[in-house]
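Quick note, the sequence shown lines up with residues 1 to 295 if you use this note's numbering. Reading through the C-alpha cells given below for one structure.
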Amino acid sequence: MTSASLPTDFTPASSLSLPSLPVVSSGAAGWDKVQLALYRQPPHYIPEHRSPHHVICVNAGKPVTLQQTVDGHSEKIDSIPGDIGIYPAHLWQTFRWEQDAEFLQLYLEPTLLDQVGVDLGGKDTIELVPQLTSCSDPLIYQIAIALKTALESDGTGSRLYSDAMANALAAHLITRYSAHKTAIYQISGGLSEQKLKQVTACINENLEQDLSLSDLASLVQLSPYHFARLFKRSTGIAPHQYHIRCRIDRAKQLLLTQDLSIAEVAYAVGFANQGHLNYHFKRLVGMTPKKFVQQ
Numbered sequence: 001m002t003s004a005s006l007p008t009d010f011t012p013a014s015s016l017s018l019p020s021l022p023v024v025s026s027g028a029a030g031w032d033k034v035q036l037a038l039y040r041q042p043p044h045y046i047p048e049h050r051s052p053h054h055v056i057c058v059n060a061g062k063p064v065t066l067q068q069t070v071d072g073h074s075e076k077i078d079s080i081p082g083d084i085g086i087y088p089a090h091l092w093q094t095f096r097w098e099q100d101a102e103f104l105q106l107y108l109e110p111t112l113l114d115q116v117g118v119d120l121g122g123k124d125t126i127e128l129v130p131q132l133t134s135c136s137d138p139l140i141y142q143i144a145i146a147l148k149t150a151l152e153s154d155g156t157g158s159r160l161y162s163d164a165m166a167n168a169l170a171a172h173l174i175t176r177y178s179a180h181k182t183a184i185y186q187i188s189g190g191l192s193e194q195k196l197k198q199v200t201a202c203i204n205e206n207l208e209q210d211l212s213l214s215d216l217a218s219l220v221q222l223s224p225y226h227f228a229r230l231f232k233r234s235t236g237i238a239p240h241q242y243h244i245r246c247r248i249d250r251a252k253q254l255l256l257t258q259d260l261s262i263a264e265v266a267y268a269v270g271f272a273n274q275g276h277l278n279y280h281f282k283r284l285v286g287m288t289p290k291k292f293v294q295q
C-alpha cells in the first residue's frame with residue numbers, strides 16, 4: 001500500500017492518492033535517511049504508480065484483504081497485524097482494499113542501501129527482491145514501531161536515532177532481501193583515542209543541535225554505518241544514547257548552577273520540550289529534574 005508521492009513531503013498536496021493524511025509522519029522531523037508515515041485509511045483504490053524510494057509497509061491495525069499488482073504480478077493477500085510488504089523503488093504498482101486499514105510505511109533512498117552494501121563488503125548497487133505475500137519480520141516491525149514511538153514522544157525524534165535505525169534496517173534488507181546475498185564485513189577494533197575525543201567534543205559542544213550520524217562520521221573520515229559500530233565498541237553505547245546522556249549531564253549542571261526553569265534547561269540542552277527532558281532524566285538519573293533540584 002504505497003502512494004505515488006515523494007515520502008519526504010507529507011503535505012496535503014503530496015497525499016492526494018490517499019483519502020486521509022498521515023496520523024503520524026516524519027515530514028517535519030528533518031530525517032534524511034528514512035521517512036515514516038502512519039496511515040488510517042477507509043476502503044480505497046490506489047491507481048498505477050511507482051515510487052523513487054524503497055517502501056516497506058507494515059500492517060499496524062486489523063486484518064485486511066489487499067489486492068495488489070506489482071510489476072505485472074497480481075496477488076490477493078490476507079494481511080494480519082505485523083505483516084510486512086517490501087516494494088523496491090521504481091516498480092509499477094496498484095492497490096485496493098475493502099476494509100478500513102491502518103499501516104506504517106517506511107521509505108528508504110536506494111542510495112542508502114547502495115552505501116551500506118559497500119560498507120558490508122558487497123556490491124555498490126543493491127537490488128531488493130519484492131516481498132508481496134503475507135510475511136512476518138520481527139526486526140522490521142520493531143524498527144518501524146521504534147521510529148513511530150520516537151516521533152510520538154516529542155514530535156521529531158533525533159536524527160542520530162533515526163539514522164541508526166535506518167542503517168540497521170538497510171543492513172537487514174541487504175542481508176535478507178537482496179538479489180545477491182552479502183556476507184557482513186566488519187571493521188575490527190574501535191575508534192582511536194584521538195578520533196573518539198574529536199567526536200565526543202563535537203557532541204558536547206553541540207548538545208542543542210540535532211546532529212546526524214553523517215555529521216559525526218565525517219569528522220573521522222568514516223561511513224556512517226562503520227562509524228556507529230566503532231563508536232559503540234569504544235564507548236559501549238550507540239551515538240544517539242551518548243548524545244542523550246551528555247544532554248542529561250549538562251542539564252544536571254544547569255539545574256544546580258543556573259537560575260533557569262526546568263523548561264528553559266530542556267531547551268538549552270536540545271530537548272524539544274520539558275516532558276522529553278523529564279522522561280530521559282528520570283530514566284537515567286532515577287528521579288525527575290524537580291526532585292533532583294530539591295535534594
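Glycine included, every Cβ here is placed at the ideal spot set by N, Cα and C.
Which of helix, strand or coil DSSP assigns to residue i
i, result
"T288", "coil"
"L173", "helix"
"N204", "helix"
"L277", "helix"
"L120", "coil"
"D361", "Nothing in the structure corresponds to residue 361, since the chain is present only between 1 and 295."
"K76", "strand"
"F103", "strand"
"V269", "coil"
"L160", "helix"
"R283", "helix"
"L254", "helix"
"V293", "helix"
"Q115", "helix"
According to DSSP, residues forming a beta bridge with residue i
i, result
"S25", "A37"
"H54", "L108"
"Q93", "H49, V70"
"H44", "W97"
"Y87", "V55"
"I244", "Answer is none; I244 lacks a bridge partner."
"L128", "S178"
"T65", "D78"
Reference residue i, options the options, closest by Cα
i, options, result
"P138", "I84, V265, S223", "I84"
"N278", "I244, N206, A89", "I244"
"Y87", "V58, R159, T257", "V58"
"Q41", "L66, I56, V70, P52", "L66"
"H276", "A150, E102, V293, I174", "A150"
"T133", "E109, L213, S74", "S74"
"E98", "Y177, D71, D78, C135", "D78"
"V64", "L255, H90, N204, R96", "R96"
"A228", "P289, H49, T125, S162", "S162"
"A166", "K252, I145, E152", "I145"
"H280", "R247, L256, L254", "R247"
"P47", "L255, K62, W92", "W92"
"Q221", "Q194, L112, G30", "Q194"
"V269", "V129, N206, Q142", "N206"
"T125", "E109, S136, I140", "E109"
"S153", "G286, S17, A29, L284", "A29"
"T111", "H53, Q294, S136, R176", "H53"
Cβ-based burial, residue i [other Cβ within 10 Å; buried from 16]
i, result
"D315", "Since the displayed the chain opens at 1 and closes at 295, residue 315 lies outside it and no answer follows."
"G27", "buried"
"G236", "exposed"
"K33", "buried"
"S158", "buried"
"G122", "buried"
"P170", "As written in the sequence, residue 170 is Ala, which differs from the Pro given in the question. Burial call: buried."
"V116", "buried"
"I143", "buried"
"S188", "exposed"
Beta-carbon contacts of residue i that lie in its chain and below 7 Å, excluding the five residues immediately before and after
i, result
"Q274", "I262, A263, A266"
"K148", "V24, L36, L38, L104"
"Q258", "none"
"K282", "T288"
"N204", "C246"
"V70", "Y87, L91, Q93, P130, L132"
"L219", "Q198, V199, C202"
"L255", "V265, P289, F292, V293"
"R250", "L207, V269"
Residues near residue i in its chain [Cβ-Cβ closer than 8 Å; skip 5 each side]
i, result
"F231", "G190, L191, L196, V199, L216, A238, P239, Y242"
"I80", "N59, P63, S134"
Beta-carbon contacts of residue i that lie in its chain and below 6 Å, excluding the five residues immediately before and after
i, result
"K76", "Q67"
"E208", "G270"
Residue-level contact to chain D via CB, residue i, 8 Å cutoff
i, result
"L112", "Of the protein chains in this structure there is only one, and it is not chain D."
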